[in-house]
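Written out below as structure tokens is the structure these notes cover.
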């Protein structure tokens, strides 16, 4: 949903009014609290950098790598700013000048957020990940040197005009850069936008507010400057929270992919063996049976040859869907191999397992989708069929092939009678 443009105008106007109101309070902040805030901002920047780099190695997204490097540099600038601030504290005349480290760090961040919007269009995508790291590192270092060089070329740090309607007029430069970045980031819409991507818009917007409030600051450590620093820190917290949420989502997806079959969505062989081992240990303690069904889709090669591999893959998915529909919440359906499936049935004896077999086969018979599918199923029950994973699987496999042989004999008898 598009945000009305007038909301941005109202937010910017409110930031200027708030900054002007805070300027009238004549509050001077403690230098120690200010330096502590800078240390916290630096730590947040380094944490964001580390989290975003984890996101890059999980997704391969170059914007994540670019912004991770950016926040690493911003963290270094925040640490360096502490020494500049203390120099300002010791010289009363310097309290009417904007710290150049603040201007460098914020202008750089706004500029690189803007560059991040178009980085995939500007830079070719090399196959070697090391070339990605080298190219983006060079870009961040070059931008840092450029911005720092521009500000350091001036003979003195940007002055503060206490009696002017806009005492820190220099703050309008990074505010404008962040505003353009926010508009560009909001325009680059994606259907599958992550929390990190949405948070970048908020980071840019909050920094616009931060600099508009700071533009009303009449001296280095007044209430307006403190509020601007607070809003800046909040923007870092928003981005850090979004990055952690995305990483948690990424780890959950990786864990799901590690234990599931990509085609059918069922558990894979590795997870099946883990489930069987857990059931053996549990049933060994409780002395209760459990069963495993080993299934084979009949004639998959014929389906592939006659209808194509797409229909063959669809047939496997159809079987997987039927297994899921006939599972209890405690059961585990798995893809055992190419055309083989398994179903683990806790707390289920042989007769109950046979009822499940009949229900699955009946569901396939009732399925009207073409081609018609049939499945052979072998049953093994603990402890009667075996007391280890291998024994249970071997017993179920023998029962499976016994059913296949029986089915073939039945078909031959029908042909002979006809």
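Residue numbers (my numbering): 5 to 422. Quick reminder that beta carbons are idealized off the backbone N, C-alpha and C, glycines included.
- Within the DSSP bridge table, the entry for residue 300 names 344 and 380 as partners.
- Residue 32 has 226 as its beta-bridge partners, per DSSP.
- Annotation for residue 319: the continuous alpha helix (DSSP H) segment containing it runs 313-329.
- The beta carbon of residue 280 is closer than 6 Å to those of 393 in its chain, skipping five residues each way along the sequence.
- Inclusion of residue 379 and residue 396 in the CB contact set at 9 Å is not warranted, their separation being larger than that value.
- Secondary structure within the segment 202-287: the alpha helix (DSSP H) runs of 4 or more consecutive residues, fully enclosed, are 227-263 (chain order).
- In terms of Cβ geometry, residue 237 and residue 44 form a close pair [threshold 9 Å].
- Residues of the same chain with a CB within less than 7 Å of the CB of residue 191, apart from the 5 flanking positions on each side, do not exist.
- Between residue 350 and the set 133, 21, 344 and 360, the nearest pair of CA atoms involves 360.
- For residue 272, the closest alpha carbon among the candidates 136, 347 and 118 is that of 347.
- When only Cα atoms are considered, residue 362 and residue 64 end up about 47 Å apart.
- The bridge partners DSSP lists for residue 158 come to none.
- Beta-bridge annotation (DSSP): residue 295 is paired with 349 and 385.
- According to the DSSP secondary-structure assignment, residue 336 is paired through a beta bridge with 348.
- A distance below 6 Å between beta-carbons, with the five flanking residues on each side excluded, links residue 41 to the following residues of its chain, in chain order: 233.
- Going by beta carbons, residue 315 and residue 371 fall outside the 9 Å limit.
- Distance between residue 138 and residue 304, taken at the CA atoms: about 49 Å.
- With respect to the 9 Å criterion, residue 19 and residue 176 are not classified as neighbours on the basis of their beta carbons.
- In the DSSP annotation of this structure, residue 121 is not part of any alpha helix (DSSP H), being labelled neither H nor E.
- When the Cα atoms are used, residue 78 and residue 49 turn out to be separated by approximately 7 Å.
- Take residue 384, set aside five residues on each side of it, and the residues of its chain with a beta-carbon closer than 6 Å to its own are 296, 396, 399 and 400, in chain order.
- According to the DSSP secondary-structure assignment, residue 163 is paired through a beta bridge with 101.
- Secondary structure of residue 374 (DSSP, three-state): coil.
- Only residues of its own chain outside the window of five on either side were considered, and among them 225 and 230 have a CB closer than 7 Å to the CB of residue 33, listed in chain order.
- Rounded to the nearest angstrom, the gap between the Cα atoms of residue 259 and residue 299 is 26 Å.
- Sixteen is the threshold: since fewer than 16 other Cβ atoms of the shown chains lie within 10 Å of the Cβ of residue 252, the residue is exposed.
- Around the C-beta of residue 332, fewer than 16 other C-beta atoms lie within 10 Å, and the residue is accordingly described as exposed.
- An exposed status is given to residue 61, since fewer than 16 other beta-carbon atoms sit within 10 Å of its beta-carbon.
- Shown here, residue 133 sits in a helix according to DSSP, grouped into three states.
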